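Asker: In the working numbering, the protein residues as written are 141 to 533.
Don't be surprised by glycine CBs; every beta carbon is placed ideally from N, CA and C.
Given the structure is predicted, the values throughout are model-derived calculations rather than measurements.
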Amino acid sequence: MTASTPITQDVLTIPRKAPEGGKVNLVGLTRDGMRDALLATGTPEKQANMRVGQIWQWIYQKGVRDFASMTNLAKDYRTQLDENFVIEVPEVVTRQLSEDGTRKYLVRIAGGHEVEVVYIPEEGRGTLCISSQVGCTLTCSFCHTGTQKLVRNLTPAEIIGQVMVARDDLGEWPEPGRNPKNETRLLSNIVLMGMGEPLYNFENVRDAMKIAMDPEGISLSRRRITLSTSGVVPEIARTAEEIGCLLAVSFHATTDEVRNKLVPINKRWPIADLLDALREYPKVSNSERITFEYVMLKDVNDSDEDARRLIELIKGIPAKVNLIPFNEWPGAPYERSSNNRIRAFADIIYKAGYASPIRTPRGEDIMAACGQLKSETERALKSRKQIAQEAGL
Ligand code: SAH
Ligand code: SF4
């Protein structure tokens, strides 16, 4: 990596303890983590596993936020829990509803930081787009989040907490004893496509997604969770092994020269390295196709030659190509490709045998579309000049 490559993992981390009175937040703890916490506060060893299961069900399946409501636990034990622990999720500061039904939440996390979460209702399913970091250390030149200076990793509690506050708002905490199937849920899918690079916050994202997939947790199939990465090559195999969810990759260009400008992490892990890692991915995780995300930027990456090069590059990888019309934001140095251009590009990919859906921008009226997320309140922004310079424009 050269000195000028703007890649760093040097982000703030905060302890997993809840601030109030030194009580530990039970949200976001792994099963082992919660077991240890319970043992340390006097739960007898032989009961610990059972208690973890019971508490997980109250927290993640029933949406309970106070120990007093955990009626299958003895009263004394509930008091004991209350003395040592809290059940804390991020605070929803604002909620905006788009004309198309998309909901955008601004949630506040420790330290006064804010991140955005987007719920997208669709026919027969509903997808929650969650964030993994405040801001992003990467500086993709077409992405609004990349213009935000401040970065901090979200904790597992803050990551899974986004799912919990969305379920609060959707009123989707099932009656005790009833756990609807994935396909009948309002919140049936999770995409890690909000703010941040999930693979630069690997452990926390993994722990949160394990809760999302656990039958006593949020209980979503691993095939309903998609992690999107800009291409952190060394963490891709680990994602398959330790999370096993579906993978999307922000590809966006078909030559290293252009990708270096759009997705600067490409200078560190160029296209050939990225494709090698992706070729291995489905084998390890036994998952389905990899989604190649491709933002359509006028006269930058949208030619017929690009489409043909893309087909050559992804040959042999079970793939689908998701074409994302560029979503503009104030000061953005690019324009969206025309609809005709996007359709022509899609057609070439489709004829080569790959699904090539054009993503309909959702929630544009509330700035909830891909790449538009950035909390207004994080005021430390880069200047237009700096954005253009980093893009090599
Ligand atoms: N950091 C991760 C996940 C978040 S971005 C990643 O980059 O994959 C989710 C998707 O939105 C990525 O494919 C990203 O490249 C794309 N995106 C970012 N800004 C965009 C914009 N302005 N218009 C359209 N898509 C954008
Ligand atoms: Fe970060 Fe993804 Fe935006 Fe790039 S596209 S700056 S990796 S959030």
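1. Just the C-alpha distance for Y490 and S496, rounded to the nearest angstrom, thanks.
2. Is it true that the CB of R481 sits closer than 9 Å to the CB of N467?
3. Along the chain, where does the beta strand (DSSP E) containing F432 start, and where does it finish?
4. Find out if the Cβ-Cβ distance for the pair P230, E337 is shorter than 9 Å.
5. Would the beta-carbon of C280 be found less than 8 Å away from any heavy atom of ligand 3?
6. Nearer than 8 Å: is that true of the beta carbon of G467 relative to any heavy atom of ligand 1?
7. Does the structure place the stretch 372-388 close enough to the stretch 439-454 that three or more beta carbon pairs sit under 8 Å?
8. Rounded C-beta distance between A214 and Y259? I'm assuming under 8 Å.
9. Please name the residue or residues paired with A388 in a DSSP beta bridge.
10. Could you check whether T500 and S425 sit closer than 9 Å to each other, using their CB atoms as the reference points?
11. Would the stretch 269-277 count as touching the stretch 336-350 if we require 3 or more Cβ pairs under 8 Å?
12. Once you ignore the five residues that flank I506 on each side, which residues in its own chain have a CB closer than 8 Å to its CB?
13. In its own chain, which residues sit with a C-beta less than 7 Å from the C-beta of D233, not counting the 5 before and 5 after it?
14. Quick check on F342: does DSSP put it in helix, strand or coil?
15. Which whole-angstrom value is the C-beta distance of N224 and L294, which I expect to be below 8 Å?
16. Would you kindly check if the distance between the Cβ of I365 and the Cβ of I383 is under 9 Å?
17. Of the choices L463, R191, Q187, M174, whose alpha-carbon is the least far from that of V389?
18. Thinking I451 and L418 are a contact (beta carbons under 8 Å), I'd like their distance in whole angstroms, please.
19. In chain order, which continuous runs of the beta strand (DSSP E) of length 3 or greater are located wholly inside the stretch 247-302?
20. Is it buried or exposed for G275, if we count other Cβ within 10 angstroms and need 16 for buried?
21. Output the distance between the C-alpha atoms of G503 and D240, rounded to the nearest integer angstrom.
22. Could you tell me whether the Cβ atoms of E356 and Q201 are closer together than 9 Å?
23. Is there at least one non-hydrogen atom of ligand 1 closer than 8 Å to the beta-carbon of M190?
24. Please tell me whether P296 and T170 are closer than 9 Å, where the distance is taken between their beta carbons.
25. Nearest-angstrom Cα distance between W313 and G203?
26. Just the C-alpha distance for V291 and T277, rounded to the nearest angstrom, thanks.
27. For I454, which option in D416, N329, G193 has the closest C-alpha, if you only look at C-alpha atoms?
28. Nearest CA to the CA of T183: which residue from N165, Q197, D216?
29. Anyone know if the C-beta pair for N165 and R175 falls short of 9 Å?
30. Might you give, ordered along the chain, the residues of its own chain that have their beta carbon closer than 6 Å to the beta carbon of D222, omitting 5 neighbours on each side?
31. Thinking C-alpha only, which one of E228, S328, I195 is nearest K212?
Answerer: Taking the geometry as given:
1. Their backbone Cα atoms lie some 6 Å apart in a straight line.
2. Contact flag unset, no.
3. Its beta strand (DSSP E) spans residues 430-436.
4. For P230 and E337, no; Cβs fall outside 9 Å.
5. Because ligand 3 does not appear in the structure shown, any question about it cannot be addressed here, the ligands present being ligand 1 and ligand 2.
6. The sequence shown places Asn at residue 467, rather than the Gly named in the question. Yes; taking the cut-off as 8 Å, the Cβ of N467 has a heavy atom of ligand 1 nearer than that.
7. Touching, no.
8. Not really, about 37 Å apart at Cβ, beyond 8 Å.
9. Beta-bridge pairing by DSSP links A388 to S368, T431.
10. No. Outside cutoff.
11. Three or more Cβ pairs drawn from the stretch 269-277 and the stretch 336-350 lie within less than 8 Å of each other, which places the two stretches in contact.
12. Excluding the 5 residues flanking it on each side, I506 has same chain C-beta neighbours closer than 8 Å at Q236, L237, S238, T242, K244, in chain order.
13. According to the sequence displayed, residue 233 carries Val and not Asp. For V233, where only same-chain residues beyond five positions count, the Cβ hits under 7 Å are L246, V247, R248, E254.
14. Here F342 sits in helix by DSSP.
15. 24 Å between Cβ atoms; not a contact.
16. Yes. Within cutoff.
17. Nearest in C-alpha terms to V389, of all of L463, R191, Q187, M174, is L463.
18. Actually they do not touch by this definition, with Cβ atoms about 15 Å apart.
19. You should have 253-262, 265-269.
20. Around the beta carbon of G275, 16 or more other beta carbons lie within 10 angstroms, which makes this residue buried.
21. The alpha-carbon separation between G503 and D240 amounts to approximately 6 Å.
22. Cβ atoms of E356 and Q201: closer than 9 Å.
23. For ligand 1, not one heavy atom lies less than 8 Å from the Cβ of M190.
24. At the C-beta level, P296 and T170 come within 9 Å of one another.
25. In a straight line, the C-alpha of W313 is about 6 Å away from that of G203.
26. Rounded to whole angstroms, V291 to T277 spans 6 Å at the Cα level.
27. Comparing Cα positions, the closest option is D416.
28. Closest by alpha carbon: D216.
29. No, these two residues do not count as a Cβ contact at 9 Å.
30. The beta carbon of D222 sits closer than 6 Å to those of F207, all from its chain and outside the five residues before and after it, given in chain order.
31. The displayed chain sequence assigns Asn, not Lys, to residue 212. It is I195 whose Cα lies nearest to the Cα of N212.
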